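Residue numbers for the sequence shown follow this note's numbering, so the first one is 488 and each next one is one higher. First up is the structure itself, then whatever we jot down about it.
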Amino acid sequence: MSELRYSVKYQIKREMKAFNLVLLFACVVSGHMEIKSHPPRTSKFSEYYKKEGKVDYDLKSPLANKDGFDKPYPCKGAPVGPSQATLTAGQKIDLEFDYGAIHNGGHCQFGLSWDNAKTIVTFYTLMKRCFLDGFTIPVTIPATTPPGNATLTWTWVNAAGYREYYMNCIDVTIVGGPKDGKVTGPKNLVANMPGAPTIPEFNVGGDGAELFEKRPIITLP
């Protein structure tokens, strides 16, 4: 009888281990979050990157975390590519996300850059509730954005889970703005990466709102 109990107990342990491995694999495969429309650099939703064989199928994963780099900042190291959308200054657009894990929301920043995302001016910040109200986020391109090529950026500090930092970069063409236009706003905050401040899980050590409040104001380009 004791041998039977041991056999059943051992079998349960084996099945639990197998289940945990499957669950872990599913979590890894599901990824986290990436923009679907308009498609960012190396996106599987871009006809250009699919045709060129330059798709990053791990684009949902974080750029890096507090313990080290996985993909380099900015833009996971992806070079500037062809424009993926033509946007009008002052236009409201819907950014649709292909989602995996939402990590209880968090802070999202949307910005523009003219130097391959080395310097980013933020024109919209969504605090705490990123993805809690859905996976399409409306943003308005600043009316003062000058015409020409630019990079539209999205960054995300997740509210729960391992401390990570996410980023997508979309190469766009801006039309309709003033030729000498400028965009003024907070500089994009980098967090949870080596050399940057760590924002803890929001329900544990605060949500880092003070860091966002202290972002320097910059004007580009």
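Just so you know, even glycine gets a beta-carbon here, dropped at the ideal spot from N, CA and C. These numbers come from a predicted model, not from an experiment.
Candidates Val608, Ile628, Asp620, His594: which alpha carbon is nearest Asn675's? As a first step, residue 675 is located in the sequence shown; it is residue number 188 there, counting from the start. The candidate whose alpha carbon is nearest that of Asn675 is Val608.
Nonlocal neighbours in the same chain, by C-beta distance under 6 Å from Phe532, ignoring five residues either side: Along the sequence shown, one-based indexing puts residue 532 at 45. Cβ neighbours of Phe532 beyond the five flanking positions: Lys523, Pro526.
Enclosing beta strand (DSSP E) for Gly695 [first to last residue]: Against the sequence shown, residue 695 aligns to sequence position 208. Element bounds for Gly695: n/a, residue is neither H nor E.
Hey, quick one: how far does the alpha helix (DSSP H) through Tyr535 stretch, first residue to last? As a position in the sequence shown, residue 535 is number 48, starting the count at 1. Looking at the DSSP string, the run of the alpha helix (DSSP H) that includes Tyr535 is 534-539.
Whose C-beta lies closer than 8 Å to the C-beta of Val659 among residues of the same chain, with five residues either side of it excluded? By one-based count along the sequence shown, residue 659 stands at place 172. Here Val659 has His525, Ser570, Gln571, Ala572, Thr573, Leu574, Asn636, Ala637, Thr638, Leu639 as same chain residues with Cβ atoms under 8 Å from its own Cβ, once five neighbours each way along the sequence are excluded.
Throw me the rounded Cβ distance for the Ile657 and Pro633 pair, which I believe falls under 8 Å. Sequence index remark: in the sequence shown, residue 657 carries index 170 (1-based). Sequence index remark: in the sequence shown, residue 633 carries index 146 (1-based). The beta-carbon separation of Ile657 and Pro633, rounded to 17 Å, does not stay under the 8 Å limit for a contact.
If you follow the beta strand (DSSP E) that Asn636 is in, where does it begin and where does it stop? For this step, residue 636 is matched to residue 149 along the sequence shown. Going by DSSP, Asn636 is part of the beta strand (DSSP E) stretching over 635-645.
For Glu521, count neighbouring Cβ atoms within 10 angstroms of its own Cβ and tell me buried if that reaches 16, exposed if not. Locating residue 521 in the sequence shown gives position 34, counting from the first residue. Classification of Glu521: buried, given that the 10 Å Cβ count is 16 or more.
In terms of alpha-carbon separation, which member of Ile628, Arg528, Asp557, Glu583 lies closest to Asp620? By 1-based counting over the sequence shown, the position of residue 620 is 133. Taking only the C-alpha atoms, the option nearest Asp620 is Glu583.
At the level of alpha carbons, what is the spacing between Pro673 and Gly540? Taking the sequence shown and counting its residues from 1, the one referred to as residue 673 is at position 186. Taking the sequence shown and counting its residues from 1, the one referred to as residue 540 is at position 53. Annotation: Pro673 to Gly540 spans about 36 Å, alpha carbon to alpha carbon.
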